[in-house]
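Chemist: Anchor point for the sequence shown: position 339 equals 453 in the working numbering, and the numbering is continuous, going up by one each time.
Let me give you the structure first, and then I'll get to my questions.
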Amino acid sequence: MRWIRIWMWILLVGLAITGCAGADDLPEPPAGLVNTPPPLPTAELPDAGLPETTLPDLGLPDSATLPTSLDDAAAALDALPPLPTLPTDWANLEALPTLPALPTLPGTDTTTASVSAPVDWTAVQTSADQIATSAQELQTSLTDVLEAAQALQASATDEELVTLANRIVDLAEQALQDASILAVTADDLNYRIDQSEETTLSLSDDIGEMADRIGEMADRILWTEEQIGIMADRIVESEYLINTGTQETLDQLQESLAEVTDLARDVMEHQETLAELLASTDETADGTDAGTDTATDTSSTEGDTATTTTTTDEGSSTSSSGVVVGTSAGVPVAGVGASASVASPREALTPRRLEMLARCLQLAAADMQQQDLSAAQAEALTLPESPDRQALLERLQRATQDTSHIASVAASLYAQARAAKVMTPTLQAYAVQAYQTLAPYVQDLARTLQQAQVLAERLGDEDLLARIETARVRAEHLYNCTRELGVRLSSLR
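Structure (structure tokens):
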């Protein structure tokens with residue numbers, strides 16, 4: 115660098131000498147051609163933010179000591195130290211001095227950007243912890259959904275609800291499995307980061323695969339949640355349809371009850387004629403009751419296979435083979451295998467329909483026993499002692515026993531039907547056996563209430579008569595339910 119400074123110093127000296135020697139020889143410019151430049155603006159320049167730098171010292175002499183002649187310049191040149199010898203081996207250029215580094219301007223980055231930025235493993239572990247926590251929370255939520263679906267599965271009675279509950283259970287179990295895998299994957303990621311810092315590249319690949327798996331699992335979880343929402347909407351819709359169907363069934367039952375009430379009213383119109391007929395045959399009533407009891411026991415033992423003759427109000431008689439039909443004071447009871455003339459064709463019996471019929475029988479029998487018959491017995495006990503009062507109490511006691519048997523059989527049938535999802539041969543056989551047990555009791559109950567009504571009319575107690583009439587209306591309802599059960603059982607054969 116020193117020899118460079120020497121040559122620059124010589125050049126400056128020469129320029130200075132030449133300028134001093136020829137300055138007087140220059141001609142003056144013509145008048146009018148000299149343009150005086152306008153003054154520069156005095157406004158301060160904006161600060162560019164550049165750092166303050168000092169020019170390097172070249173070792174030149176001060177301008178006041180510059181030589182004024184060639185002799186002085188030559189003498190000054192001789193006084194300079196000798197120039198360094200340049201290397202002749204141009205291949206060995208490393209021997210040259212190293213230039214100083216340029217200052218770095220503010221706001222500039224002279225570093226070369228790396229191809230791949232370093233991975234922030236702390237952020238990765240934080241994200242993995244959040245994912246594991248979210249997966250655990252999701253497992254808790256899915257467990258609640260699974261328990262609710264299992265509870266619905268255990269308590270639902272409708273086939274569609276059971277199917278939907280099974281589907282929700284399957285989806286929830288699948289989502290639980292995915293959430294568990296997600297949590298295990300996040301924990302494994304944290305473990306691998308903690309245990310190994312030298313496998314960054316392989317971990318990056320694994321993280322990519324795990325991220326893809328997490329994304330797929332998240333998509334599956336979202337899809338599962340969407341399916342659960344759809345199933346929940348379908349459950350709500352099914353509950354609405356069930357409630358609507360239940361309301362329609364109740365309306366039909368109310369209409370049937372109104373029809374039964376009208377029928378009972380028509381029967382009451384002929385009550386006086388029947389009372390006169392029974393009064394004329396009062397002496398043979400006890401013998402008739404004994405014969406009826408024997409016939410009832412025989413029919414219960416041998417089954418409903420006998421051919422029975424039914425007498426209508428007009429006095430005509432019809433018979434049908436394989437049908438148990440009793441007169442029971444004008445209340446016929448049809449059995450399994452009824453012919454088309456007795457039972458109109460209906461849809462096949464299902465467990466839900468069987469459950470409803472059994473429930474109707476159970477409730478009607480229980481209401482009759484707890485309300486009508488109990489009140490009638492209490493009313494009869496207040497009457498004075500008489501043979502008619504004693505006979506009435508016996509009839510009411512017998513009707514109470516009949517309703518107790520009917521309620522017990524109906525409750526057992528209701529439990530069997532409620533536990534079944536489809537009509538199986540076992541359930542069908544149980545329903546047939548229950549029907550064969552119910553039919554004689556319903557028949558005997560109707561006959562007993564008819565006789566109790568005649569005795570109440572003899573005693574002349576209006577309150578007692580009203581109680582027995584209400585019990586007869588309920589007996590008509592029992593008859594309708596029993597007949598409906600027999601008709602639907604016959605459609606299964």
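Note that CB positions come from ideal geometry on N, CA and C, so glycine has one too.
Give every residue of the same chain whose Cβ lies closer than 7 Å to the Cβ of A494, excluding the five residues on either side of it in the sequence, and list them in chain order.
Modeler: Within its own chain, the residues whose Cβ lies closer than 7 Å to the Cβ of A494, once the five positions on either side in sequence are excluded, are R503, L506, L507, L510 and L578, listed in chain order.
Chemist: If I follow the unbroken alpha helix (DSSP H) through E499, where does it start and stop?
Modeler: Here E499 belongs to no alpha helix (DSSP H), and DSSP marks it neither H nor E.
Chemist: Measure how close the beta-carbons of I282 and M331 come, nearest whole angstrom, since I'm counting them as under 8 Å.
Modeler: Not a contact, Cβ separation roughly 19 Å.
Chemist: With T514 and A553 assumed to form a contact (beta carbons below 8 Å), what rounded beta-carbon distance in angstroms separates them?
Modeler: About 19 Å separates the two Cβ atoms, so there is no contact after all.
Chemist: With DSSP run on the structure shown, which of helix, strand or coil describes D575?
Modeler: coil
Chemist: How should P465 be labelled, buried or exposed, when 16 other C-beta atoms within 10 angstroms of its C-beta is the threshold for buried?
Modeler: buried
Chemist: Less than 8 Å separating the beta-carbons of A286 and L256?
Modeler: yes
Chemist: Ordered along the chain, which non-local residues of its own chain (more than five positions away) have a Cβ less than 8 Å from that of V374?
Modeler: Within the same chain, and ignoring the five residues on either side of V374 in sequence, the residues whose Cβ sits closer than 8 Å to its Cβ are V587, E590, H591 and N594.
Chemist: How long is the line joining the alpha carbons of T277 and D333, rounded to whole angstroms?
Modeler: Distance from the CA atom of T277 to the CA atom of D333, rounded to whole angstroms, is 25 Å.
Chemist: Taking a contact to mean a Cβ-Cβ separation below 8 Å, would you say A293 touches A249 in this structure?
Modeler: yes
Chemist: Can you tell me the Cα-Cα spacing of A480 and S518, whole angstroms?
Modeler: 7 Å
Chemist: Measuring only the C-alpha atoms, how far is S522 from A534?
Modeler: 19 Å
Chemist: How about L477 and I520: do their beta carbons lie closer than 8 Å?
Modeler: no
Chemist: Can you tell me whether DSSP reads A325 as helix, strand or coil?
Modeler: helix
Chemist: Where W235 and L296 are concerned, what is the direct C-alpha to C-alpha distance, given to the nearest angstrom?
Modeler: 19 Å
Chemist: Can you tell me where the alpha helix (DSSP H) with T247 in it begins and where it stops?
Modeler: Unbroken alpha helix (DSSP H) run through T247: W235 to S269.
Chemist: Is the segment 263-280 in contact with the segment 348-361, if contact means three or more CB pairs nearer than 8 Å?
Modeler: yes
Chemist: Check this for me: beta carbons of A531 and A472, under 8 Å apart or not?
Modeler: yes
Chemist: Just checking my contact of T551 with R512 at CB under 8 Å: how many whole Å lie between their CB atoms?
Modeler: The distance from the Cβ of T551 to that of R512 is about 17 Å, inconsistent with a contact at the 8 Å cut-off.
Chemist: Apart from the five residues on each side of it in sequence, which residues of its chain come closer than 8 Å, Cβ to Cβ, to D243?
Modeler: Scanning its chain for C-beta atoms nearer than 8 Å, with the 5 sequence neighbours on each side dropped, one finds around D243 the residues A300 and N304, in chain order.
Chemist: Tell whether a beta-carbon distance below 8 Å holds between L599 and Y544.
Modeler: no
Chemist: Could you compute how far the alpha carbon of A262 sits from the alpha carbon of Q341?
Modeler: 16 Å
Chemist: Give the straight-line distance between the Cα atoms of S455 and R602, rounded to the nearest whole angstrom.
Modeler: Residue placement at S455 cannot be trusted, given a pLDDT of 33 that sits under 50; what the coordinates show is reported in the next sentence. Rounded to the nearest whole angstrom, the CA to CA distance from S455 to R602 is 14 Å.
Chemist: Taking the C-alpha atoms as reference points, what is the distance between Q610 and W337?
Modeler: The chain is shown only over 115 to 607; residue 610 falls outside these bounds and no answer can be derived.
Chemist: Can we count Q515 as close to the ligand HEM, meaning its CB is less than 7 Å from some heavy atom?
Modeler: Ligands in the displayed structure: none, and consequently the ligand HEM is not present.
Chemist: Please classify V536: does DSSP put it in a helix, a strand, or coil?
Modeler: coil
Chemist: Would you mind giving the Cβ-Cβ distance between L573 and L497, rounded to the nearest angstrom? I have them listed as a contact below 8 Å.
Modeler: 6 Å
Chemist: Going by CA-CA distance only, name the one from Q264, R467 and Q491 that's closest to L541.
Modeler: R467
Chemist: If T358 sits next to D486, beta carbons under 8 Å apart, how far is it from one beta carbon to the other, in whole angstroms?
Modeler: With 8 Å as the limit, T358 and D486 do not qualify as a contact, their Cβ atoms being about 32 Å apart.
Chemist: With a Cβ-Cβ cutoff of 8 Å, do P463 and L367 count as a contact?
Modeler: It is worth fixing the name first, because residue 463 is Leu in this sequence and not Pro. No, the pair does not count as a contact, with Cβ atoms beyond the cut-off.
Chemist: Whole angstroms is fine: what's the gap from S318's alpha carbon to T247's?
Modeler: Computed Cα separation, rounded: 22 Å.
Chemist: Taking only the alpha-carbon atoms, compute the straight-line gap between A529 and E323 and give it to the nearest angstrom.
Modeler: C-alpha separation (whole angstroms): 55 Å.
Chemist: My output table needs one value for T584: the three-state DSSP class, helix, strand or coil.
Modeler: T584: helix per DSSP, three-state reduction.
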